[in-house]
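Participant: Chains as they are written, first to last, in this note's numbering: chain X, 1 to 114; chain L, 115 to 209; chain D, 210 to 347.
All C-beta atoms in this analysis are idealised placements derived from N, C-alpha and C, irrespective of residue type, glycine included.
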Amino acid sequence: MDPLLSTVEYAMGGLQLRLDTVANNLANLNTPGFVAQKVDFETSLGIALASGRGAPGVGPAIVNSEDVPDDTGNTVNIENEITEMTKSSLERQVMVSAFNYKTDLLKAAAGVSR
Amino acid sequence: MLPPISGVSGISASPGVSGGAKPAGFGDAITKGLDSVANIEAKADGLVSSMAAGKNVQISDVMAATSKANLGMSIVNEIRTRGLEAYQSIINTQV
Amino acid sequence: MTVHGPFSSIDISNTGLGYNKYWLDTIAHNIANVNTQTTPGQAPFRARIVEAMPLDTNTSLGGGIAVSDVVDQADDPAMMFDPGNPLADGTGYVQGPVVDLAEQMGNLILASRSYQANMTVFKEARDALQVTTTLGRG
């Protein structure tokens, strides 16, 4: 597969996982002791790109976020989750557009009429 | 990298066509167009990858670059299509 | 996390949301204790004051706001003569809380309006970037 398509596909998977994680965090807004999680796919992707690969072999990492716990030990912060959701949603749209850009280009170069 | 569009190099006047000026510039125009698109494509790819990896890249820059690459490719394709049509109509002209 | 990226206006307004939310929570705590009395000699209830600092970076673009410190209000508590009060000391005095309700109410409106203002920025930024994702794609 074209390396950029691999990159975009990996990023879209990571962003979807991020959205799922936000949903889970919000569902546990009042669960005592619940530690909010976040997704990091950028680090592994950056390493892969730096060594000339389109996408990493490993999946995105799910780590604990560093938000401050309340007195029940719950660390979910609504504003931060909404922010993460908003950014991920926007970035996903850009990635979808990027995927289409590359497939359109490859099709045009191959002489396929659209 | 884009594979070259096949058949383009055939669009030049064959020696048998009398009085016809050799459209030597046409193949060049296509090649130059493809080079330009490849250039924009590389830049667009870089911006998309950077954004995916979480770098400081603006959405507008990514969208502009990808749009320009697609637009450039459409133009090159259009030139090629029109060129082929012109070539066909010349070839089929009743003399 | 750097706020300088494709979503800087969203991230920066989020720092405003975080700060004002924290401030609102603190004001709520202060107002809830507006009648908290103590026995003289013990530590009185002291209102918490939230201090802010701007988040600057090395570039000309700022990075929003953050809580720099939370300090106790330093005024002296009022003493009320109330010998029937179980908290009263030997002289019949009770210690009041160090909190100014009028000031807290004023801050409440300020914090609330600031929170909403940041929310407006958040939404406008999101909508603007939303449009940008359709650039060139008809």
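(1) Of the residues D/272, D/319, D/276 and D/293, which one's Cα is nearest the Cα of residue 222 of chain D?
(2) Put residue 261 of chain D into one of helix, strand or coil per three-state DSSP.
(3) Looking at residue 226 of chain D and residue 328 of chain D, is the spacing between their C-beta atoms short of 9 Å?
(4) Suppose you measure from the CA of residue 135 of chain L to the CA of residue 144 of chain L; what does that come to, to the nearest Å?
(5) Report the neighbours of residue 159 of chain L on chain X: residues whose CB is nearer than 7 Å to its CB, in chain order.
(6) Contact criterion: CB-CB distance below 9 Å. Does residue 150 of chain L meet it with respect to chain X?
(7) For residue 255 of chain D, list the residues DSSP reports as bridge partners.
(8) With a CB to CB cut of under 8 Å and the five nearest residues on each side skipped, what residues in its chain are close to residue 37 of chain X?
(9) Taking only beta-carbon atoms, is residue 278 of chain D less than 9 Å away from chain X?
(10) Determine the chain D residues that contact residue 90 of chain X at a beta-carbon separation under 9 Å, and present them in chain order.
(11) Answer with yes or no whether the minimum CB distance from residue 77 of chain X to chain D is below 9 Å.
(12) To the nearest angstrom, how far is it from the Cα of residue 18 of chain X to the Cα of residue 238 of chain D?
(13) Under 8 Å Cβ-Cβ, which residues of chain X neighbour residue 227 of chain D?
(14) Would you say residue 87 of chain X reaches chain D, if we count a Cβ-Cβ gap shorter than 9 Å as a contact?
(15) Which bits of chain D does residue 97 of chain X rub up against, with CB to CB less than 9 Å?
(16) Which runs of the beta strand (DSSP E) fall wholly inside the segment 45-111 of chain X and span at least 3 residues, in chain order?
(17) Please name the residue in L/154, L/172 and L/147 whose C-alpha comes closest to that of residue 87 of chain X.
(18) List the endpoints of the continuous beta strand (DSSP E) containing residue 275 of chain D.
Facilitator: Taking the geometry as given:
(1) Within the third sequence, the letter at position 13 stands for residue 222 of chain D. Looking at the Cα atoms, D/272 is the closest of the given residues.
(2) On the third sequence, residue 261 of chain D is found 52 positions in, with the first residue counted as 1. Note: residue 261 of chain D maps to strand in three-state DSSP.
(3) Here the question's residue 328 of chain D lines up with position 119 in the third sequence. Here the question's residue 226 of chain D lines up with position 17 in the third sequence. Their beta carbons are under 9 Å apart, which means residue 328 of chain D touches residue 226 of chain D by this criterion.
(4) Counting from one through the second sequence, the residue named residue 135 of chain L turns up at place 21. Counting from one through the second sequence, the residue named residue 144 of chain L turns up at place 30. With a pLDDT of only 48 at residue 135 of chain L, under 50, the local geometry of the prediction cannot be trusted, and the value read off the model is given with reservation. Roughly 18 Å separates the two Cα atoms.
(5) Numbered from 1 along the second sequence, position 45 holds the residue referred to as residue 159 of chain L. Residues of chain X passing the Cβ test: 4.
(6) The residue you call residue 150 of chain L lines up with position 36 of the second sequence. False, the Cβ-Cβ gap to chain X never drops below 9 Å.
(7) In the third sequence, counting from the first residue as 1, residue 255 of chain D sits at position 46. In DSSP, residue 255 of chain D forms a bridge with D/307.
(8) On the first sequence, position 37 is the one that residue 37 of chain X refers to. Taken in chain order, the residues that qualify are 21, 24, 25, 62, 63, 64 and 65.
(9) As a working mapping, residue 278 of chain D is identified with position 69 in the third sequence. No, residue 278 of chain D lies away from the interface with chain X (no Cβ there is under 9 Å from its Cβ).
(10) The count along the first sequence starts at 1 and reaches residue 90 of chain X at position 90. Here the neighbours are 215, 216, 219, 335, 338, 339, 341 and 342.
(11) Counting from one through the first sequence, the residue named residue 77 of chain X turns up at place 77. Yes, because at least one Cβ of chain D sits closer than 9 Å to the Cβ of residue 77 of chain X.
(12) Here residue 18 of chain X is taken as the residue at index 18 of the first sequence, counted from 1. Here residue 238 of chain D is taken as the residue at index 29 of the third sequence, counted from 1. When rounded, the distance between both Cα atoms is 34 Å.
(13) To locate residue 227 of chain D, count along the third sequence from 1; it is residue 18. Going along chain X in sequence order, the residues near residue 227 of chain D (Cβ under 8 Å) are 77, 79 and 80.
(14) Stepping through the first sequence from its first residue, residue 87 of chain X is reached at position 87. Using a CB distance cut-off of 9 Å, residue 87 of chain X counts as an interface residue toward chain D.
(15) Taking the first sequence and counting its residues from 1, one reaches residue 97 of chain X at position 97. What residue 97 of chain X touches in chain D: 342, 343, 344, 345 and 346.
(16) Secondary structure within the segment 45-111 of chain X: the beta strand (DSSP E) runs of 3 or more consecutive residues, fully enclosed, are 61-64 (chain order).
(17) As a first step, residue 87 of chain X must be located in the first sequence, where it is residue number 87. The shortest Cα separation from residue 87 of chain X among L/154, L/172 and L/147 belongs to L/172.
(18) Translated into positions along the third sequence, residue 275 of chain D becomes position 66. It spans 274-281 - the beta strand (DSSP E) in which residue 275 of chain D sits, taken as one unbroken run.
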